[in-house]
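J.: The listed protein sequences correspond, in order, to chains S and Y.
All residue numbers for the first sequence refer to our numbering, where the first residue is 45 and numbers rise by one.
All residue numbers for the second sequence refer to our numbering, where the first residue is 20 and numbers rise by one.
One structure, as structure tokens, below. Some questions next.
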Amino acid sequence: MILTRIALGVGLLFVVSLVIFWATELLPGDLATQLLGQSATPETVAALRAQLGLNDPAPVRYWAWLTGALTGDFGVSLANNRPIADLIGARLGNTVFLALYAAALSVPIALTLGILSALWRNSIFDRMANAGALGAISLPEFFIAYILVLWLAQTGFFPSMVRINPTTTFGDRLYMTFLPALTLTLVVTAHMMRMTRAAIINLMASPYIEMARLKGLSPLRIVLRHALPNALAPIINVVALNLAYLITGVVVVEVVFVYPGLGQLMVDAVSNRDIAVVQAIALIFAAAYIGLNLIADVLSTITNPRLMHRR
Amino acid sequence: MTSRILSAPARGGVSRRGILQGAAALGAAGLILPYGAKAARAQTRGGTFRIGLGHGSTTDSLDPGLWDNLYVQVFAASRHNQLIEVGADGQLVPEMATSWESADGVTWVFAIRQGVSFHSGRDVTVDDVVASINHHRGDDATSAIKTLLSAITDVRADGQNVVITLEAANADLPYLMTDYHIPIMPAVDGRIDPASTDGVGPYIVESYEPGVQASLTRNSNYWKENRAWFDRVEILSILDPAARLNALITGEVHLIDQVDPATIGMLEGRNVARILSIPANAHYVFPMDARAAPFNDNNVRLALKYALDRQAMVDTILGGHGAVSNDNPIGPANRYFFAEMEPKGYDPDRARYHLQQAGLESLDVTLKAADAAFSGAVDAASMFSENARAAGINITVDRVPNDGYWDNVWMKEPFVASYWGGRAVEDHMFTTAYASGADWNDSFWSNERFDELLVAARSEVDESLRREMYHEMQQIVSYEGSVVIPMYNNFVMAVANGVGTPEQIGSNWNLDGFRCVERWWMA
Numbered sequence: 045m046i047l048t049r050i051a052l053g054v055g056l057l058f059v060v061s062l063v064i065f066w067a068t069e070l071l072p073g074d075l076a077t078q079l080l081g082q083s084a085t086p087e088t089v090a091a092l093r094a095q096l097g098l099n100d101p102a103p104v105r106y107w108a109w110l111t112g113a114l115t116g117d118f119g120v121s122l123a124n125n126r127p128i129a130d131l132i133g134a135r136l137g138n139t140v141f142l143a144l145y146a147a148a149l150s151v152p153i154a155l156t157l158g159i160l161s162a163l164w165r166n167s168i169f170d171r172m173a174n175a176g177a178l179g180a181i182s183l184p185e186f187f188i189a190y191i192l193v194l195w196l197a198q199t200g201f202f203p204s205m206v207r208i209n210p211t212t213t214f215g216d217r218l219y220m221t222f223l224p225a226l227t228l229t230l231v232v233t234a235h236m237m238r239m240t241r242a243a244i245i246n247l248m249a250s251p252y253i254e255m256a257r258l259k260g261l262s263p264l265r266i267v268l269r270h271a272l273p274n275a276l277a278p279i280i281n282v283v284a285l286n287l288a289y290l291i292t293g294v295v296v297v298e299v300v301f302v303y304p305g306l307g308q309l310m311v312d313a314v315s316n317r318d319i320a321v322v323q324a325i326a327l328i329f330a331a332a333y334i335g336l337n338l339i340a341d342v343l344s345t346i347t348n349p350r351l352m353h354r355r
Numbered sequence: 020m021t022s023r024i025l026s027a028p029a030r031g032g033v034s035r036r037g038i039l040q041g042a043a044a045l046g047a048a049g050l051i052l053p054y055g056a057k058a059a060r061a062q063t064r065g066g067t068f069r070i071g072l073g074h075g076s077t078t079d080s081l082d083p084g085l086w087d088n089l090y091v092q093v094f095a096a097s098r099h100n101q102l103i104e105v106g107a108d109g110q111l112v113p114e115m116a117t118s119w120e121s122a123d124g125v126t127w128v129f130a131i132r133q134g135v136s137f138h139s140g141r142d143v144t145v146d147d148v149v150a151s152i153n154h155h156r157g158d159d160a161t162s163a164i165k166t167l168l169s170a171i172t173d174v175r176a177d178g179q180n181v182v183i184t185l186e187a188a189n190a191d192l193p194y195l196m197t198d199y200h201i202p203i204m205p206a207v208d209g210r211i212d213p214a215s216t217d218g219v220g221p222y223i224v225e226s227y228e229p230g231v232q233a234s235l236t237r238n239s240n241y242w243k244e245n246r247a248w249f250d251r252v253e254i255l256s257i258l259d260p261a262a263r264l265n266a267l268i269t270g271e272v273h274l275i276d277q278v279d280p281a282t283i284g285m286l287e288g289r290n291v292a293r294i295l296s297i298p299a300n301a302h303y304v305f306p307m308d309a310r311a312a313p314f315n316d317n318n319v320r321l322a323l324k325y326a327l328d329r330q331a332m333v334d335t336i337l338g339g340h341g342a343v344s345n346d347n348p349i350g351p352a353n354r355y356f357f358a359e360m361e362p363k364g365y366d367p368d369r370a371r372y373h374l375q376q377a378g379l380e381s382l383d384v385t386l387k388a389a390d391a392a393f394s395g396a397v398d399a400a401s402m403f404s405e406n407a408r409a410a411g412i413n414i415t416v417d418r419v420p421n422d423g424y425w426d427n428v429w430m431k432e433p434f435v436a437s438y439w440g441g442r443a444v445e446d447h448m449f450t451t452a453y454a455s456g457a458d459w460n461d462s463f464w465s466n467e468r469f470d471e472l473l474v475a476a477r478s479e480v481d482e483s484l485r486r487e488m489y490h491e492m493q494q495i496v497s498y499e500g501s502v503v504i505p506m507y508n509n510f511v512m513a514v515a516n517g518v519g520t521p522e523q524i525g526s527n528w529n530l531d532g533f534r535c536v537e538r539w540w541m542a
């Protein structure tokens, strides 16, 4: 069951890579004319086409691109001839760092709030937590970011922009990226918290919970030991979805906090028609989405033995 | 404090002008006592200068032929020298060339400064200079200034001189050599390495991540004595205007460019930074395709030129940080600016008269604009449309996407918004955008008399005759040209209070002619 799921994920990624390659083929012009720009003459274009191997048929080029990508060789940027792997390397690290930081803040907060508000359903606490989380998710990211800058940066607690380089220590990194991480936390918490709350409340009506209650177990024990394990599947899925979002969709936060992540790179590459870079990032983003969803599927299958033996 | 003020001109005492400025500062300090300390030009060494610029992209290149935005320009000026520098007063200052002369305007001899070394340690030779210029010439050159230098037929070394030969006489060649694309870089086998950051400039590159930041440390061997005051310099790319402003307010950076006029009042209230608003030659334009009806009739073009309220645009779009232009691409900072030309006010009746001359009762045109053209372009187009209605001219403003604006709209559609950074030399501006058939002649305008004058003025050595010619050309562009130029925009920047700036800030380019890093200091 798990193996089929993994095989499906790999197959899907393969299809996505085909689509990415095919979409780039549809664009007018080719790499040679893009690279040469205004100085493109028929002879120079022909020479460069041969040099780049553009005269080969599309399947051959696709195979070369795919095998290169699998070994981490994405080719060179059209704009400044830097290897794309170098361009992406540090930024991918930054993006993953910020995503994990935000996840480390938001997942515990969301689960705790979700469990507590399920436990104290319809209490003042439940209403406040829901209102707060929904309020935060309703505001646009850039607005939350500016509010945080106004409150926490202009008063001198945290820097308003992120200035990191390879020599920055881990502690400094955590301090400097706190505001972007907090912004993302506020954006993603509501979704996970509401899902946790709904999944647990849904189970609380089941007969086996009734039984546990009749046995005289404490409400906290009922939720943690009996309800939560069965609610894990939907929670894991929504956490994975939000993690994928944290990796692929944080351009706005990157811009506001001047964070050198993949999103900004993608925007630059698109506006400069640097197709090779766009392809590489699109593939990475697709891999992140498919990979995280795959992990979520596998984990939720493991947490629910019934799924493993479905006939 | 006083001793510092006295010693500043002495240390910087290369030019008479420096001494005069120092004396003026002394006088001012004496007269306006409470602010005397602030006005003092006490240059001190040290500190880290951080700049936040609204430019820079991961696709930026180190190749001088491809430099195109303020980030790479300032970064380049921080690590390189050129043959000739444009002083803050607009005059040419010897840099790697100690002197230059030409008997006929065709053959130019530049004497190269000796005993100056690159960051990597080797001394600069004439061959390095030749290679640095030749990087932009030849069949395989991909440089943006290839066309600009196409009039050069030969560049060769001659002892300690570099000799440049032109196709035809051009009195402005020394100005051409100040172009930021031509830094002096080390050559190997007659070619520079376009991926190298090695130069002779005031700062040495420590690290550079395109589109993010560059760190530089002071070049202790820098040959200029009264320059490069900071120990370290960091140039950051901060594209978001609000993030840039926040960085300045919270002290993350000391200098930002492109300050949004709407936030200037707020910034002044904070008392952490001051605004520098430098009048310059940069201008905003609405080019009309002179080949296409109805713009092929000069009366229609004149009607449009009288149908907009230029002063209102300066006040609203630029927040007052600019000046009205009389459809003149030559700005007040140019040598031969025609200041006395009869101005065109907002005159709907006159516009109507010109419409009638063109045999029209009313006029319907579409103006395509995007903020990619210039900040506030869509608003400016709407104002134009409102103003023109009083003259019976119906301008439909079509807002188009920023993405692809320069590929799909500019020079493709008949009536659009655009901008020019201005040029230090009249010939440079006219040749780029107004000569018949020029690559970037975005109004597709052609005028025989103008083209004649353009060639004649290039080689004219009589100063007053040359002035007359340039005045006539400005008159022609203004009254017969196919561009509406409503305003010159100032270079607006905000500087933290802790940073000292000279009395006079260069206006040839933004940020003190790109040279803020070399000329400014921590007060």
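C-beta atoms are modelled at their ideal positions from N, C-alpha and C, and glycine is treated no differently.
Identify the continuous beta strand (DSSP E) that holds Ala311/Y and give its terminal residues.
T.: Element bounds for Ala311/Y: n/a, residue is neither H nor E.
J.: Starting from Asn406/Y and walking both ways along the alpha helix (DSSP H), at which residues does that stretch end?
T.: Per DSSP, Asn406/Y belongs to the alpha helix (DSSP H) from Ala396 to Arg408.
J.: Leaving out five residues on either side along the sequence, give the residues of the same chain with a beta carbon under 6 Å from the beta carbon of Gln277/Y.
T.: Hits under 6 Å: Gly73.
J.: Buried or exposed, going by whether 16 or more other CB atoms sit within 10 Å of the CB of Trp66/S?
T.: Exposed: under 16 other Cβ atoms inside 10 Å.
J.: Does the distance from the C-beta atom of Met332/Y to that of Ala281/Y stay below 8 Å?
T.: No, these two residues do not count as a Cβ contact at 8 Å.
J.: Going by DSSP, which residues form a beta bridge with Ser256/Y?
T.: Paired residues: Leu72/Y.
J.: Inspect the CB distances between the segment 99 to 117 of chain S and the segment 272 to 284 of chain S and report whether three or more fall short of 8 Å.
T.: Touching, no, given that fewer than three Cβ pairs across the two stretches are closer than 8 Å.
J.: Against chain Y, with Cβ distances strictly below 8 Å, would Val283/S count as a contact?
T.: For Val283/S, the answer is no, since every Cβ of chain Y falls outside 8 Å of its Cβ.
J.: In angstroms, rounded to a whole number, what distance separates the CA positions of Leu50/Y and Arg64/Y?
T.: Bear in mind that the predicted position of Leu50/Y carries a pLDDT of just 35, short of 50, making it unreliable; the figure below should be weighed with that in mind. Going from the Cα of Leu50/Y to the Cα of Arg64/Y covers about 27 Å.
J.: State yes or no: is the C-beta of Ile294/Y within less than 8 Å of the C-beta of Ala107/Y?
T.: Cβ distance not < 8 Å, so Ile294/Y and Ala107/Y don't count as in contact.
J.: Between the segment 263 to 283 of chain Y and chain S, which residues of the former have CB atoms less than 7 Å from a CB of the latter, in chain order?
T.: Residues passing the 7 Å Cβ filter: Asn265, Ala266, Ile268, Thr269 and Glu271.
J.: Any Cβ of chain Y within less than 8 Å of the Cβ of Ala197/S?
T.: Judged by the 8 Å Cβ criterion, Ala197/S is in contact with chain Y.
J.: Could you check whether Leu247/S and Ala271/S sit closer than 8 Å to each other, using their CB atoms as the reference points?
T.: A contact, by the Cβ cut-off of 8 Å.
J.: In three-state terms, what does DSSP make of His447/Y?
T.: In this structure, His447/Y counts as helix in the three-state DSSP scheme.
J.: With distance defined between alpha-carbon atoms, name the residue in Lys165/Y, Trp248/Y and Asp470/Y nearest to Ser97/Y.
T.: Cα-wise, what sits closest to Ser97/Y is Trp248/Y.
J.: At a CB distance below 9 Å, what residues from the segment 220 to 248 of chain Y approach chain S? Give them in sequence order.
T.: Flagged, chain order: Ser226, Glu228, Pro229, Gly230, Val231, Gln232 and Ser234.
J.: For Ile50/S, count neighbouring Cβ atoms within 10 angstroms of its own Cβ and tell me buried if that reaches 16, exposed if not.
T.: Exposed, because fewer than 16 other Cβ atoms sit within 10 Å of the Cβ of Ile50/S.
J.: Quick check: the segment 179 to 189 of chain Y against the segment 121 to 135 of chain Y, are at least 3 beta-carbon pairs closer than 8 Å?
T.: Contact between the segment 121 to 135 of chain Y and the segment 179 to 189 of chain Y is present, because at least three Cβ pairs lie under 8 Å.
J.: Within 10 angstroms of the Cβ of Tyr424/Y, are there 16 or more other Cβ atoms? Answer buried if so, exposed if not.
T.: Result: buried.
J.: By the three-class DSSP mapping on this structure, what secondary structure does Gly519/Y have?
T.: Here Gly519/Y sits in strand by DSSP.
J.: Below 8 Å on the Cβ atoms is my guess for Asp259/Y versus Pro433/Y; work out the distance and round it to an integer in Å.
T.: In fact, because the Cβ distance is near 34 Å, the residues do not count as touching under 8 Å.
J.: Under three-state DSSP, which class holds His235/S?
T.: The answer is helix: DSSP assigns His235/S an H, G or I state.
J.: Go to Phe305/Y, then tell me how far its beta strand (DSSP E) extends in each direction, as first and last residue.
T.: It spans His302 to Pro306 - the beta strand (DSSP E) in which Phe305/Y sits, taken as one unbroken run.
J.: If we ignore side chains and look at the alpha-carbon of each, how far apart do Tyr303/S and Leu484/Y end up?
T.: Their Cα atoms are separated by approximately 56 Å.
J.: Is Thr117/Y close to chain S, meaning its C-beta is less than 8 Å from at least one C-beta of that chain?
T.: Not one chain S Cβ lies under 8 Å of Thr117/Y.
J.: Does the distance from the CB of Ile128/S to the CB of Val120/S come in under 8 Å?
T.: Yes, the Cβ-Cβ distance between Ile128/S and Val120/S is below 8 Å.
J.: Tell me where the beta strand (DSSP E) around Thr212/S begins and ends.
T.: No beta strand (DSSP E) contains Thr212/S, which DSSP labels as neither H nor E.
J.: Taking the alpha-carbon positions, what's the Val291/Y to Val518/Y distance?
T.: Rounded to whole angstroms, Val291/Y to Val518/Y spans 11 Å at the Cα level.
J.: Give a yes or no on whether 8 Å exceeds the smallest Cβ distance from Phe301/S to chain Y.
T.: With 8 Å as the cut-off, Phe301/S counts as an interface residue toward chain Y.
J.: Of the residues Ser501/Y, Asn153/Y, Gly284/Y and Leu192/Y, which one's Cα is nearest the Cα of Arg210/Y?
T.: If we check each option's Cα against that of Arg210/Y, Asn153/Y comes out closest.
J.: Less than 8 Å between the beta carbons of His273/Y and Ala457/Y, yes or no?
T.: It is not a contact, given that the beta carbons lie outside the stated cut-off.
J.: I want to verify the contact list: residues of chain S whose CB lies under 8 Å from the CB of Ile183/Y, in sequence order.
T.: Simply none; closest approach about 23 Å.
J.: Name the chain S residues whose beta carbon is nearer than 8 Å to that of Ile257/Y?
T.: Under the 8 Å cutoff, chain S gives Met205 and Val302.
J.: With a cut-off of 8 Å on the beta carbons, I'd call Ala542/Y and Ala410/Y a contact; round off their distance for me.
T.: Contact flag wrong, Cβ pair sits at about 52 Å.
J.: Ala180/S and Leu228/S look like a contact to me (Cβ under 8 Å); what is the Cβ gap, rounded to whole Å?
T.: That pair is no contact at about 11 Å.
J.: Taking C-beta pairs closer than 7 Å, name the residues in chain S that Asp481/Y reaches, listed in chain order.
T.: Within chain S, no residue comes near Asp481/Y; the closest Cβ sits about 37 Å away, beyond 7 Å.
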